[in-house]
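There are 2 protein chains.
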Amino acid sequence: MTGQVRTVDGRVAGRRGQATRQKLLDCLSEMLSSSPYRDVKVIDVARKAGTSPATFYQYFPDVEGAVLEIAETMAAESASLAGLTAGRSWTGKAGWQTAQELVDGFMEFWRRNDAILRVVELGAAEGDKRFSKIRMKILNSVNSSLADSVADLQAKGRVDKDVNPAAIAGSLVVMLAGAASQQKGFSSWGVKQAELKPNLALLMYLGVTGRKPTK
Amino acid sequence: MTGQVRTVDGRVAGRRGQATRQKLLDCLSEMLSSSPYRDVKVIDVARKAGTSPATFYQYFPDVEGAVLEIAETMAAESASLAGLTAGRSWTGKAGWQTAQELVDGFMEFWRRNDAILRVVELGAAEGDKRFSKIRMKILNSVNSSLADSVADLQAKGRVDKDVNPAAIAGSLVVMLAGAASQQKGFSSWGVKQAELKPNLALLMYLGVTGRKPTK
DNA sequence: TCGGTAAGCTGACGGCATGACAGGACAAGT
DNA sequence: ACTTGTCCTGTCATGCCGTCAGCTTACCGA
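Written out as structure tokens, the structure reads:
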């Protein structure tokens, strides 16, 4: 899909170049986890990678450019999220299981990509279309599948006519994302991870089906 | 509650000083709305306020410090959110009305304070306790009230024993916050503002009461 | 083996933001 | 007019940004 990897000035990157490039990305990832986004400086990333700032600018236009790169890789990996909802049933006990596994998988993915997702959320909220697009790509797999499920149930008359499947699905996905990204916030409310998950699953089930789960 | 306004080097600020200080805060607010957080520079804020960077540093330790100030003012104003839930009924038609008004008020508040809330969310997600505290203060008024409502219904046996009121309330509040902060994201999913709100209200009602609303 | 060529890296530099300080401008009271 | 304390800014050392020319390294064909 993407062509060859190229430097900013148009040269094609060879083995060594790609390795350096990757090392810079890895170090940037680490820095994002350990210090506030606003304070991540090119020079720190370069130092950490054992190279010079000039090298950084050979591969990326700026910090944001490199962040986008990382985010795109992650978005590609997010394809695995689709498996959490694709072709699953939302009725009866199987539905409850679906809800639980979705919550579990989603939270796990979010926690694994914690740092970079924070930046993506910020960029998207600030109206940057490149970040919005990536955010969409990640959430879409889950979202569209959920919307389909709601629409299905609606067609069968098991969900009210006046609900908007896309709106419901979007809201639920946003809830998952919010809960995942502010997990610490919940502990201040006296809610532990382990308690949070089943309650999220309950809300997912309720939202999709409009009725209480049979466990 | 807070004592006198003081400069960084300990002097008390007089009328004129407070005015300058406030102007700097206002300009910073504007800048946060118009450019990415990462790119907001002291020198730009100062120029916009018709003063010099040195003046800025007289009143605030850095950009983050000033942002915290703005956020705290906003948190104080968020007390108005408490009125959206305090003492409201969650049963029958009144409950549906409560849900709608809560969604409406919350979204409006969030939209009004869009820019600063983005930064607060980021700071909190990055683990900065000062931002987490402010975030808590804003969400708490709604959250604790919701949790109380759930606990009430639970005591009356109208909600299952095994739900955790705090977890449910927190998740719902997070959903509202997420939906409010990424309103543009929904339009990419083909969901308009006007359609989104009733669906959010539906999810709120479902979450709190565990059953469908009677409209 | 030996250039030739392109990839890869860095030192160095002008430019700009940061953050500190000392001193000048200003308002208010005497 | 003088004093006092508040308020603002010119200036400076420091450090990061982003670019360039030029050096080193790897690869390849003859």
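Same order as they appear, the protein sequences are chains A and B.
Numbering-wise (the working numbering), the first sequence opens with residue 1 and increments by one.
Numbering-wise (the working numbering), the second sequence opens with residue 1 and increments by one.
Backbone N, C-alpha and C define an ideal beta-carbon position, used for all residues, glycine too.
What you are looking at is a predicted structure, and each value in this text was computed from that prediction instead of being measured.
Host alpha helix (DSSP H) of residue i (start-end)
i, result
"TRP110 (chain A)", "92-112"
"PHE131 (chain A)", "129-155"
"LYS161 (chain B)", "No alpha helix (DSSP H) contains LYS161 (chain B), which DSSP labels as neither H nor E."
"LEU24 (chain B)", "15-34"
"LEU81 (chain A)", "79-82"
Sequence-distant residues of its chain with Cβ nearer than 8 Å to residue i (five each side left out)
i, result
"GLU72 (chain A)", "ILE134"
"GLN100 (chain B)", "LYS197, PRO198, ALA201"
"SER29 (chain A)", "ILE70, ALA115, ILE116"
"ASP160 (chain A)", "GLN154, GLY210"
"VAL8 (chain A)", "TYR57, GLN58, TYR59, PHE60, PRO61"
"ARG6 (chain A)", "VAL12, ALA13"
"GLY203 (chain B)", "Note that residue 203 (chain B) corresponds to Leu in the displayed sequence, not to Gly. Same-chain partners within the cutoff: LEU172, MET175."
"THR20 (chain B)", "ALA49, THR51, THR55, TYR59"
"ARG16 (chain A)", "none"
Distance, residue j Cα to residue i Cα
i, j, result
"MET107 (chain A)", "ALA167 (chain B)", "15 Å"
"GLY14 (chain B)", "LEU25 (chain B)", "16 Å"
"LEU32 (chain A)", "TYR59 (chain B)", "29 Å"
"LEU172 (chain A)", "LYS129 (chain A)", "22 Å"
"GLY170 (chain A)", "ALA54 (chain B)", "46 Å"
"GLY207 (chain A)", "ILE70 (chain A)", "33 Å"
"SER132 (chain B)", "LEU122 (chain B)", "9 Å"
"GLN22 (chain B)", "ASP114 (chain B)", "19 Å"
"TRP90 (chain B)", "TYR205 (chain B)", "8 Å"
"ALA194 (chain A)", "PRO165 (chain A)", "29 Å"
"LEU117 (chain B)", "ALA179 (chain A)", "16 Å"
"VAL67 (chain A)", "LEU102 (chain B)", "36 Å"
"SER34 (chain B)", "LYS192 (chain B)", "23 Å"
"ILE43 (chain B)", "VAL119 (chain B)", "19 Å"
"SER52 (chain B)", "GLY127 (chain A)", "30 Å"
"LYS95 (chain B)", "SER149 (chain B)", "Strictly speaking, residue 95 (chain B) in this sequence is Gly, with Lys absent from that position. Straight-line Cα distance between these residues: approximately 11 Å."
"ARG158 (chain A)", "LYS212 (chain A)", "13 Å"
"ALA46 (chain A)", "GLY10 (chain A)", "21 Å"
"LYS215 (chain A)", "SER188 (chain B)", "35 Å"
"TYR57 (chain B)", "GLY50 (chain B)", "14 Å"
"ARG88 (chain A)", "ASP162 (chain B)", "25 Å"
"ASP104 (chain B)", "GLN97 (chain B)", "11 Å"
"LEU84 (chain B)", "GLY65 (chain A)", "42 Å"
"ARG38 (chain A)", "LYS156 (chain A)", "50 Å"
"PHE109 (chain A)", "ALA177 (chain B)", "21 Å"
Sequence-distant residues of the same chain with beta carbon closer than 7 Å to residue i, five excluded per side
i, result
"SER141 (chain A)", "SER78, ALA79, LEU81, ALA82"
"MET1 (chain B)", "Note that MET1 (chain B) scores 43 on pLDDT, short of 50, meaning its location in the model is unreliable; the coordinates nonetheless yield the value given after this. Here the set comprises nothing."
"ALA86 (chain B)", "SER145"
"ASN143 (chain B)", "ALA169, GLY170, VAL173"
"VAL63 (chain B)", "VAL40, VAL42"
"ARG111 (chain B)", "ALA180"
"ALA147 (chain B)", "PRO165, ALA166, ALA169"
For residue i, the three-state DSSP class (helix, strand or coil)
i, result
"ARG6 (chain B)", "strand"
"VAL40 (chain A)", "coil"
"VAL63 (chain A)", "helix"
"LEU203 (chain B)", "helix"
"VAL191 (chain A)", "coil"
"MET1 (chain B)", "Below a pLDDT of 50, predicted positions are generally treated as unreliable, and MET1 (chain B), at 43, falls in that range; no measurement from the model is reported."
Contact belief for residue i with residue j at Cβ below 8 Å, rounded distance in angstroms
i, j, result
"LYS48 (chain B)", "CYS27 (chain B)", "4 Å"
"GLY190 (chain B)", "MET136 (chain A)", "Rounded, the Cβ-Cβ distance is 12 Å, inconsistent with contact."
"GLN182 (chain A)", "ALA125 (chain B)", "6 Å"
Cut-off 6 Å between Cβ atoms - residues of its own chain near residue i, not counting five sequence neighbours on either side
i, result
"GLN4 (chain A)", "VAL12"
"LEU139 (chain B)", "VAL173"
"ALA151 (chain B)", "PRO165"
"ALA75 (chain A)", "ILE134, LYS137, ILE138"
"PRO36 (chain A)", "none"
"GLY92 (chain B)", "THR214"
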